[in-house]
Every structure is written in structure tokens, then in C-alpha cells.
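Peer 1: The structure's right below; bear with me while I get my questions together.
Residue numbers (my numbering): 27 to 104.
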């Protein structure tokens, strides 16, 4: 079983936004991966971006550059 760590979780209003985030992060080699939304979090879309807690500003920059807005951005044990 994998050990849980504190992670930055970014949720989105739509699946399209989550998929756009995944593509943009791959293109820019930004850290993280797409995951199902953790049970502890409520979100409009069932997908979330998961990255280290120190990646907040990088991910905000990626979202701003492609014109999407997160639903929420929080730290959670995943």
C-alpha cells in the first residue's frame, strides 16, 4: 500500500477543464497528474490535478495561460 502524503489538489467545474489542464501540464512539463477527486473533497467534476504542495504558483500560471479557472485548490492527504 502506498504511503499517503500531503498533496495539492486542484478541482475543476468541468471535465473539459480537467482535460485541458492535463494537456497543458504535459506540454509545459509541469508537475502532477490527473486523479479521481478524493472522497474528502466535493467537486463538480470527478477529476482533479494532484501535485506537490510547493507547485501552487506553477499550476496557477499554467491555468492562467490557457484561460481556465479552478473550482478549488486545497491541500489534502492523498
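Idealized CB from N, CA, C, for every residue including glycine.
To test your reading of the DSSP string, which unbroken alpha helix (DSSP H) runs of 4 or more residues are found completely within the segment 65 to 94?
Peer 2: 82 to 92
Peer 1: What does residue 99 pair with, by DSSP beta-bridge criteria?
Peer 2: 36
Peer 1: With DSSP as the reference, label residue 31 as helix, strand or coil.
Peer 2: coil
Peer 1: With the cut-off set at 8 Å, would you say residue 37 and residue 98 are in Cβ contact?
Peer 2: yes
Peer 1: Taking 6 Å as the limit between beta carbons, can you name the residues of its chain near residue 47, skipping five residues before and five after?
Peer 2: Only 75 meet the Cβ criterion.
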